[in-house]
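In what follows, a structure is listed as structure tokens, so that the remarks can point back to it.
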Amino acid sequence: MTNATEQYLELAGGRVHLLRGGEGEPLLFLHAAGGAGTWLEFHRLLARGFEVIAPDHPGFGGSDEFAEADGMDDLVFHYLDVMDGLGLDRPHVVGASFGGWIAAELAVAAPRRVGSLVLLSAAGLRLPDHPVADLFLMPPGQLVATLYHDLAIAASQFPAEPDLDFVLAQYRDLAALARFSWAPFLSNPKLERRLHRITARTLVVVPSDDRLVPVAHGRRYAERIPGARFAEIANCGHAMHVERPEEFAEITAAFLGERSLAASS
Amino acid sequence: MKFAFFHLMPYPYLPEDFDERYASPSLTFPNKHFDPKLGTQLYHRYLDELEYADKLGFDGIAVNEHHQSAYGLMPSPNLMAAALARRTENAKIMVLGNAIGIRGNPLRVAEEIAMLDHLSNGRVVSGFVRGIGWEYFAHSINPTRSRDRFNEAHDLIIKAWTAEEMFQWVGPNYEYRYVNIWPRPVQQPHPPVYIPGAGSTETMKFCAERRYTYMSVYAPARVVRRWFDGYRKAADDLGYVPDPEKIAFSVPIYVADTDEQAHREARPAVEWLYRKGLKQSPQMVTPPGYMSLSSLRGVLTAGLRPFAELSYEDLLAAGQAVVGSPGAVAGRLRELYSELGGFGQLIGLFAIGPSTHEQVTRSAELFAAEVMPELRSLA
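As given, the protein sequences belong to chains A and B, one line each in that order.
Taking numbering that gives the first Met the number 0, I'd label the letters of the first sequence as residues 0 to 264.
Taking numbering that gives the first Met the number 0, I'd label the letters of the second sequence as residues 0 to 378.
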């Protein structure tokens with residue numbers, strides 16, 4: 000069963016909206032700036048072999064504001080609360096872009112709570128020589144062109160004439176992103192020197208044509224995380240798990256399937 | 000009715016290909032297009048115009064704050080106010096305002112306004128603004144904190160001006176262990192506060208609660224009417240009727256000897272202001288979190304057309320510019336006075352875009368001599 004059911008998790012600071020589906024070892028998926036509240040093809044494919052749990056971050060999608068959370072440290076504690084609330088002791092953690100940054104921070108702060116780690120075009124590092132493009136300043140057309148390699152696929156992801164509710168929902172998601180990442184811009188300057196703390200098996204995946212987060216970020220993650228594996232996928236844009244879901248679900252599932260959570264604990 | 004002469008201090012010398020090449024004169028418009036020699040001349044010319052407005056009998060002369068923009072050359076309005084303080088006699092020196100949403104150190108604003116109050120012998124007016132959307136990019140301030148930073152900075156500044164004992168300030172955005180400003184302001188309990196509003200009901204309530212002057216910014220009269228009504232309603236909810244002077248209508252004004260001359264000269268200037276000066280993308284206007292969802296919903300459903308789509312005639316008809324001979328301008332302002340349900344202050348933007356010094360001074364002279372007396376008794 001690879002469809003999702005919708006759930007809410009009550010925490011002290013508010014309600015978390017999440018989608019979950021599939022059977023197998025638990026896989027916590029942390030979404031990118033876009034994609035909150037959406038059961039993607041990528042999730043459906045992963046759910047063939049894992050129990051995929053995809054919560055919306057604070058202020059995103061169907062989750063409450065959690066207005067007091069305004070920094071990455073708050074998000075790390077938030078996800079520890081989410082894991083406790085869901086009884087996830089040590090799941091696989093897969094994060095894309097902004098969610099990849101959260102996943103890396105979680106694995107730094109609580110190494111024993113992350114069974115294995117997959118970072119997909121992850122943000123989070125501050126590399127001044129390889130600046131992340133300013134998505135906040137991009138008009139929608141330019142943003143789409145920045146996120147996707149194949150613009151035909153990109154076009155299918157967005158309504159041609161968005162209605163007011165869609166525009167407001169997008170604005171809310173973007174505001175939540177800005178809350179955590181306006182300055183320092185999409186990064187934690189201290190993250191890089193803390194990456195050595197990660198003990199989970201780690202796979203870092205980057206798309207070769209990432210116009211938002213330069214490939215150098217993924218390489219740096221792979222260099223700094225002990226034993227990390229690195230894969231660069233040709234002809235693909237930043238939103239790779241949306242653009243080419245089969246390929247990235249397969250790469251992710253193959254890596255996670257190599258060793259069970261029980262064996263790697 | 001009171002009258003203020005408001006200066007934006009624009010840099011009008013945009014390149015020929017500006018319209019095609021640049022998304023805006025702000026934020027990312029390369030500063031290689033700023034010619035320092037012309038810039039020096041502009042500052043002196045513009046300060047001369049403000050000083051002249053004082054001599055002409057305007058009740059106030061007004062400056063404001065903008066960053067990284069050819070739209071307005073005043074990153075520090077307090078510096079401009081200081082330059083005016085000792086060269087003017089009577090007019091209120093109106094700083095409209097300090098962008099305390101983006102300032103890192105609100106205590107510095109409290110100190111500078113207090114100094115200006117002394118330099119001007121108690122003539123300073125202290126406006127506070129959040130700062131325009133693009134300025135949150137320019138100064139790397141998180142726009143999701145904008146309102147919270149504005150509110151806290153405001154509260155701190157007022158307390159710094161009025162407390163008679165040293166105090167400590169601990170808030171989410173600012174922490175000071177010793178607040179004890181020298182000098183204290185001349186005007187007691189503190190200089191008058193003006194807040195520009197753009198439709199947010201939070202701002203109307205904020206102003207009404209504190210009996211601050213609420214001023215409009217570029218918008219069609221039918222929309223400004225809703226804002227003014229909102230402010231009057233907020234005051235009514237608190238059980239009082241606001242003093243007319245606490246409602247300020249701001250609008251570009253151009254007066255010439257005849258209607259024909261006025262329109263011929265004002266058309267390119269007004270078009271420059273709305274099509275070039277105010278040209279900016281939605282991302283620059285409303286960076287993420289800068290507006291609440293309910294305010295954004297209000298803006299998106301208000302039926303406002305982008306400035307670029309408005310013709311000169313549209314702008315005149317909507318009350319977004321007032322142009323003509325003295326008689327025509329007085330007549331049109333009377334109409335707008337009724338349309339807006341009244342206001343007690345008129346803040347005129349007299350130096351519009353690429354208007355020349357001669358045009359601006361003549362316009363101000365005609366306004367002071369022939370329009371002001373006509374309207375003085377309105378409110």
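Ideal Cβ positions, reconstructed from N, Cα and C, are used throughout, including at glycine.
Exercise for the section: For the alpha helix (DSSP H) holding A:V51, just list the boundary residues, first then last. Expected result: Per DSSP, A:V51 belongs to no alpha helix (DSSP H); it is in the beta strand (DSSP E), 49–54.
Exercise for the section: Count the C-beta pairs between the stretch 186–199 of chain B and the stretch 148–161 of chain B that are closer than 8 Å, then say yes if the count reaches three, no if not. Expected result: yes
Exercise for the section: Return the first residue and the last residue of the beta strand (DSSP E) that A:G13 is part of. Expected result: 13–20
Exercise for the section: Would you grab the beta carbon distance between B:A301 and B:V222 for me? Rounded to a whole angstrom, and I think it's under 8 Å. Expected result: 6 Å
Practice task
Assess, as a yes-or-no matter, whether the stretch 237–257 of chain A is touched by the stretch 113–126 of chain A under the definition of 3 or more beta carbon pairs within less than 8 Å.
Solution key: yes
Exercise for the section: Anything in the stretch 270–302 of chain B with a Cβ closer than 9 Å to a Cβ of chain A? List those residues in chain order, please. Expected result: S280, P281, Q282, M283, T285, P286, P287, G288, Y289, M290, L292, L295, R296, L299, T300
Handout entry: Simplified DSSP state of B:R202, which is helix, strand or coil
Key = One detail in the question is off: residue 202 of chain B reads as Thr in this sequence, not Arg. It is helical.
Handout entry: Near-chain A residues of the stretch 130–154 of chain B - C-beta to any C-beta below 7 Å
Key = F136, S139, N141, P142, T143
Problem - Distance between A:H240 and A:R178 (C-alpha atoms, nearest Å) - result: 24 Å
Exercise for the section: Starting from B:K1, follow the alpha helix (DSSP H) in both directions and report where the run begins and ends. Expected result: Here B:K1 belongs to no alpha helix (DSSP H); instead the beta strand (DSSP E) covers 1–5.
Exercise for the section: Could you check what DSSP says for B:Q344 in three-state terms: helix, strand or coil? Expected result: strand
Handout entry: Residue range of the unbroken alpha helix (DSSP H) whose run includes B:W160
Key = 145–161
Exercise for the section: Indicate the three-state DSSP secondary structure (helix, strand or coil) for B:P243 in the structure shown. Expected result: helix
Handout entry: Chain-ordered chain B contacts of A:Y170 [CB-CB under 9 Å]
Key = T285, P287, G288, M290, L292, L295
Practice task
Could you name the residues of chain B that A:A174 contacts, counting a contact when the two beta carbons are closer than 7 Å?
Solution key: T143, P287, G288
Problem - Whole-angstrom distance between A:A238 and A:L150, CA atom to CA atom - result: 11 Å
Exercise for the section: Could you spell out where the beta strand (DSSP E) holding A:R228 opens and where it closes? Expected result: 228–232
Practice task
Would you mind stating whether B:V216 and B:L365 have Cβ atoms separated by less than 8 Å?
Solution key: no
Practice task
Compute the distance between the beta-carbons of B:I387 and B:I60, then report whether it is under 8 Å.
Solution key: No information on residue 387 of chain B is available, as it lies outside the stretch 0 to 378 that chain B covers here.
Practice task
Examine the ligand SAM and report whether any of its heavy atoms sits within less than 7 Å of the Cβ of A:R243.
Solution key: This structure does not include the ligand SAM; it has no bound ligands of any sort.
Practice task
Could you tell me whether the stretch 140–152 of chain B touches the stretch 88–102 of chain B, using the rule of 3 or more Cβ pairs below 8 Å?
Solution key: yes
Exercise for the section: Would you give the residue range spanned by the beta strand (DSSP E) that B:M214 belongs to? Expected result: 212–215
Problem - For B:K275, the three-state DSSP class (helix, strand or coil) - result: helix
Handout entry: Nearest residue (CA-CA) to A:F41, options A:T198, A:F184, A:H77, A:V93
Key = A:V93
Problem - A:E199 versus A:S186, A:H216, A:V214, A:A221, residue with shortest Cα-Cα distance - result: In the sequence as displayed, the identity of residue 199 of chain A is Ala instead of Glu. Taking only the C-alpha atoms, the option nearest A:A199 is A:A221.
Practice task
Return no unless some Cβ of chain B is closer than 8 Å to the Cβ of A:W181.
Solution key: yes
Practice task
May I ask you to report which of helix, strand or coil DSSP gives B:P142?
Solution key: helix
Handout entry: Under 8 Å (Cβ pairs) to chain B, residues found in the stretch 72–83 of chain A
Key = none
Exercise for the section: Could you round the C-beta distance between B:P281 and B:Y135 to whole angstroms and report it? I think they count as a contact, below 8 Å. Expected result: Wrong, their Cβ atoms sit about 14 Å apart, outside the cutoff.
Problem - is_contact[A:A109, chain B] using C-beta, thresh 8 Å - result: no
Practice task
Would you tell me roughly how many angstroms separate the C-alpha atoms of B:F28 and B:P76, rounded to the nearest one?
Solution key: 21 Å
Practice task
Report yes if the C-beta distance between B:Y211 and B:Y239 is below 8 Å; otherwise report no.
Solution key: no
Handout entry: Beta-carbon proximity of A:S186 to A:G98, cut-off 8 Å
Key = no
Problem - A:A177 at chain B interface by Cβ criterion, 8 Å - result: yes
Exercise for the section: Take every Cβ of the stretch 82–93 of chain B, pair it with every Cβ of the stretch 107–120 of chain B, and state whether three or more of those distances are shorter than 8 Å. Expected result: yes
Practice task
Tell me, please, whether the CB atom of A:L136 is closer than 8 Å to any CB atom in chain B?
Solution key: yes
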